[in-house]
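Enquirer: In the working numbering, the protein residues as written are 5 to 253.
This is the structure, below, for whatever I ask next.
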Amino acid sequence: MRFALPFWMLVPLLAGCASGPTAPLEPERARGPWSEVPSVEMPTGETSIPISLLRDVADALLQLPGAKACDPGTRRPIPGLSTEYCSTVYVAGTHQSLSWRVTEPVRERHNRCTPFYAVQDADHPPTQVWVVGYIHNHPCGAGPSAQDLVAWPTDAFRPAVAMAEVRLIPGNPAPARFQSTFLEMASAVVAERQDGTRIFLRYFPTGEIEQWSEARRGWVLLGRCAPAPAGGLSVAPRCDAGSLRLLHE
């Protein structure tokens, strides 16, 4: 477990892919928008993945077959039953009229998810589509690991999918921008406790990890974390304040 929270309290979650991206499967472009998740029109009051989109994606993704299948004894995914689904988060439109969207999920194995770096949107040409992040589920739950922090959309270890390049795919002349505001890339985590309540996190290529606070109606910075050294025994990220502690509300 990556956080100072009992492992059994976390069930399903959405997160940046735990294993580094590999060559995308066919088709090479994800299709969007996913009809199960309403688009979120800007402005949203945020410069990265908005909480309203995360809530809607969690509701839809965690209902898919196998998305929450987990061995209750070992707390590990069940091969052939547990299933990870990938959805790419993107924005589409013009700098004056832009909306947050997600692609149709791609079904993969119990322990792997390969995101797409390009999107075929039903309403806009490629030059009006910007990939901003991605979401997938972990059937048995886990917080952001050291591997999550080095996976796309960060640019520390995989130049082929560096942040600047991802923002330019598929051929956009500049990073995603709404009016005068540039949008930030991020990965998202949504963890569900046994009582059904959910914890919403998002983390950025620069290491900041935030949690949504219902009490404060906003994102709260939990700390700044970096990947653990490659080849070490620990898979937990190194955080500036020690173990990352979640809000308890």
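Every residue, glycine too, gets a C-beta built ideally from N, C-alpha and C.
How many Å lie between Leu205 and Ser217 at the Cα?
Expert: One C-alpha to the other measures close to 10 Å.
Enquirer: Do Arg228 and His99 have their CB atoms nearer than 8 Å?
Expert: The answer is no: Cβ separation not under 8 Å.
Enquirer: Identify every residue that forms a DSSP beta bridge with Trp134.
Expert: Looking at the DSSP assignment, Trp134 forms a beta bridge with Val95.
Enquirer: Alpha carbon to alpha carbon, how far is Trp38 from Thr107? Give it in angstroms, no decimals.
Expert: So the alpha carbons of these two residues sit roughly 5 Å apart.
Enquirer: Can you tell me where the alpha helix (DSSP H) with Ser56 in it begins and where it stops?
Expert: First-last of the alpha helix (DSSP H) with Ser56: 55 to 65.
Enquirer: Leaving out the 5 sequence neighbours to the left and right, which residues in its chain are closer than 7 Å to Ala71 when beta-carbon positions are compared?
Expert: Only Pro16, Leu65, Thr87, Tyr89, Asn141, Pro143 meet the Cβ criterion.
Enquirer: Within this structure, are the beta carbons of Leu102 and Val93 separated by less than 8 Å?
Expert: Not closer than 8 Å, so no.
Enquirer: In whole angstroms, give me the CA-to-CA distance for Ala240 and Ile213.
Expert: Cα-Cα distance, rounded: 14 Å.
Enquirer: Assuming the contact rule is C-beta atoms closer than 8 Å, Glu188 and Thr51 should be a hit. Round their C-beta distance to whole Å, please.
Expert: The pair is a contact, with the Cβ atoms about 5 Å apart (cut-off 8 Å).
Enquirer: Name, in chain order, the residues that DSSP records as bridge partners for Val106.
Expert: Val106 pairs with Val93.
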